[in-house]
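Residue numbers (the working numbering), protein chains in the order written: chain A, 597 to 874; chain B, 4 to 386.
Written out as structure tokens, the structure reads:
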């Protein structure tokens, strides 16, 4: 193969844009990561330091705080429950909408999504009033129910195309083989669509794990989630604790990254098998 | 063939009877009063162009499509409202419809597991069908790791293992390439010889229909156009539609004017003249009729046109191997007026050469010019 000797100006420009865009996305993350291991003096030095004695002080501080531990427990419980309920209710709902066309199917689909059209504040204020009235304000329960609305709509919307992609004939073969609609859902359609469905669920997870505004308005102390706790770390005083802030940002990013990492590994494995055949 | 697969006595009752079956989608009726009896062990092929309702009828037999009206009996039992699994049928789909997340073995066993068949019996039955269809080596593979022909064999195995009363095939070969299609067609024919299970097979491929069928049901726009053995359908088409649909190259259909000559009728058009026996066709009082003659039944005229015939200028020569298909027309007319004749390759004319052919009077078909119904009156049976 002969390599092209000269790159055209357009290709060069395109690559430059790509490099700049890539760096602008990666450098802050990398900088945050590096700074989370620095002590205060190293962070605020006028000349950026690349060589320093790393310290785990920031992480120790963040993880040692009771509020963070509490926030982590809250986040895991609230997000876990919301994603679980969203999947358990959303997947059958999506399947029904995909396979049993009703006159109202489109309206239902639109209604489910309509909550996502509004700015979160517009949704959060009425919810706040509702939960206050029910005396459930600042409880995990209230947050779980609220987040379930988000995960449910996301899962339904992303799962409908996944179920529509399952060939109808395969389900019909299941009927001829003697299985009823529920058995076909669990034993045929669900496993076939699994790959796309896991993506839908992961997306719902990331969405509520990172959710800030609604959590801010629905919690004050007991049910605070990690994003809220992290934001409070920056309000410790006029002296911004950069190291602690960086450490909490990194810690907060780990679960979604893990989720995405596990998922993409799973997806790659699934795709690879198919490619080997083709 | 082993004993497990061959039918037990009560399963022998596997005739299908369709009486006045109708399918409506809202206001649109797509199947009109479908009447058909399929005998036990018979291989019936539904043939027709796309949209003729053949697949819809098959899906109604399978229970995948509601029946809007009429009665369907399988094995003497009315099954209109029974779900697929209670009808004693097994179906092979056009795109195989294998369960992609299961191994070949699990695909084949899925239906038996539902029936709570003991594991030992499932294993022995899987062994039998996979031996029959040559699938032993692939049992642990996933369907995506198989070729199209192998996938189709798995689909057939999945249907066979249930020892159904009736096999339903929905265009099972149309996703395969030509060579494999030939091969699988022969396998299906052999399988039917061994199993003798009553079979309904849907296709749009007349070659498949002619070679596989005991009887062909030719459908058009949701109605039966003709039911008969392949020979009957080919040699005694009941309408111009059947005549044009069956046979490759297709039959020539030419509008002719009719003249009563007493002992015979003289039919003529711009391209030629044909004389037919007055007793063979109901032509009295008609001025026009559609004449049908297969390209193979036109012979090169050696008598100088005394017995009538067709003549014109060669517009197209298609080389088919041993033969050529010659299309000719009068004064370079439109292609719709073209007549085609088969002749040995060695005698092929040149392009734009003038040619003349005589029609074998025994092989002529005549149809009503409006309804397309056959005008043949002699009911002489076919040999």
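Where a beta carbon is used, it is the ideal one built from N, C-alpha and C, also for glycine.
Residue closest to residue i, alpha-carbon to alpha-carbon, out of the options
i	options	result
residue 822 of chain A	A/837, A/804, A/839	A/804
residue 291 of chain B	B/261, B/319, B/268	B/261
residue 774 of chain A	B/27, B/187, B/162	B/162
residue 707 of chain A	A/676, A/723, A/750, A/737	A/750
residue 836 of chain A	A/608, A/627, A/621, A/637	A/637
residue 380 of chain B	B/67, B/249, B/272, B/240	B/240
residue 227 of chain B	B/53, B/44, B/57	B/57
residue 137 of chain B	B/149, B/123, B/371, B/156	B/156
residue 796 of chain A	A/826, A/655, A/846, A/747	A/747
residue 745 of chain A	A/781, A/670, A/678	A/678
residue 370 of chain B	B/30, B/258, B/119, B/19	B/258
residue 280 of chain B	B/267, B/88, B/287, B/330	B/267
residue 838 of chain A	A/704, A/693, A/635	A/635
residue 806 of chain A	A/786, A/655, A/671	A/671
residue 196 of chain B	B/30, B/44, B/356, B/22	B/44
residue 248 of chain B	B/220, B/264, B/273, B/194	B/220
residue 697 of chain A	A/682, A/759, A/779	A/759
residue 305 of chain B	B/293, B/210, B/358	B/358
One or two residues paired with residue i in a DSSP bridge
i	result
residue 649 of chain A	Paired residue(s): none; residue 649 of chain A is not in a bridge.
residue 359 of chain B	B/314
residue 255 of chain B	B/296
residue 107 of chain B	Partner(s): none; residue 107 of chain B has no beta bridge.
residue 269 of chain B	B/262, B/278
residue 72 of chain B	B/25
residue 204 of chain B	B/48, B/172
residue 303 of chain B	B/360
residue 94 of chain B	B/171
residue 321 of chain B	B/328
residue 230 of chain B	B/220
residue 408 of chain B	Since the first residue shown for chain B is 4 and the last is 386, residue 408 of chain B is missing from the structure and cannot be characterised.
residue 284 of chain B	B/379
residue 77 of chain B	B/19, B/80
Short Cβ contact (8 Å threshold) for residue i with residue j
i	j	result
residue 351 of chain B	residue 313 of chain B	no
residue 360 of chain B	residue 302 of chain B	yes
residue 733 of chain A	residue 673 of chain A	no
residue 275 of chain B	residue 231 of chain B	no
residue 667 of chain A	residue 820 of chain A	yes
residue 539 of chain A	residue 811 of chain A	Since the first residue shown for chain A is 597 and the last is 874, residue 539 of chain A is missing from the structure and cannot be characterised.
residue 177 of chain B	residue 97 of chain B	yes
residue 201 of chain B	residue 168 of chain B	yes
residue 35 of chain B	residue 25 of chain B	yes
residue 845 of chain A	residue 628 of chain A	yes
residue 675 of chain A	residue 809 of chain A	no
residue 766 of chain A	residue 65 of chain B	no
residue 71 of chain B	residue 117 of chain B	no
residue 160 of chain B	residue 125 of chain B	no
residue 130 of chain B	residue 103 of chain B	no
residue 73 of chain B	residue 23 of chain B	yes
residue 632 of chain A	residue 779 of chain A	no
residue 300 of chain B	residue 366 of chain B	yes
Supposed close pair residue i, residue j - CB separation, criterion 8 Å
i	j	result
residue 253 of chain B	residue 328 of chain B	In fact, because the Cβ distance is near 10 Å, the residues do not count as touching under 8 Å.
residue 3 of chain B	residue 93 of chain B	Coverage of chain B is limited to positions 4 through 386, which leaves residue 3 of chain B absent and any answer about it impossible.
residue 101 of chain B	residue 154 of chain B	6 Å
residue 243 of chain B	residue 375 of chain B	4 Å
residue 158 of chain B	residue 95 of chain B	5 Å
residue 255 of chain B	residue 295 of chain B	7 Å
residue 325 of chain B	residue 347 of chain B	7 Å
residue 184 of chain B	residue 51 of chain B	Rounded, the Cβ-Cβ distance is 19 Å, inconsistent with contact.
residue 128 of chain B	residue 142 of chain B	Contact doesn't hold; Cβ gap of about 13 Å is too wide.
residue 742 of chain A	residue 818 of chain A	In fact, because the Cβ distance is near 15 Å, the residues do not count as touching under 8 Å.
Endpoints, the beta strand (DSSP E) within which residue i is located
i	result
residue 326 of chain B	326-332
residue 41 of chain B	31-41
residue 125 of chain B	Counting along the chain, residue 125 of chain B falls outside any beta strand (DSSP E), though it belongs to the alpha helix (DSSP H) covering 122-136.
Boundaries (first-last residue) of the alpha helix (DSSP H) holding residue i
i	result
residue 752 of chain A	736-760
residue 243 of chain B	243-248
residue 344 of chain B	Taken as a continuous stretch (DSSP letters only), residue 344 of chain B belongs to no alpha helix (DSSP H), being part of the beta strand (DSSP E) at 342-347.
residue 790 of chain A	786-805
residue 178 of chain B	First-last for residue 178 of chain B: undefined, no H or E at that position.
residue 773 of chain A	Neither: residue 773 of chain A is in no alpha helix (DSSP H) and is coded neither H nor E.
residue 662 of chain A	662-695
residue 154 of chain B	151-163
residue 707 of chain A	701-713
Contact with chain C by residue i, beta-carbon distance below 8 Å
i	result
residue 638 of chain A	Looking at the structure shown, chain C is missing, and the protein chains on hand are A and B.
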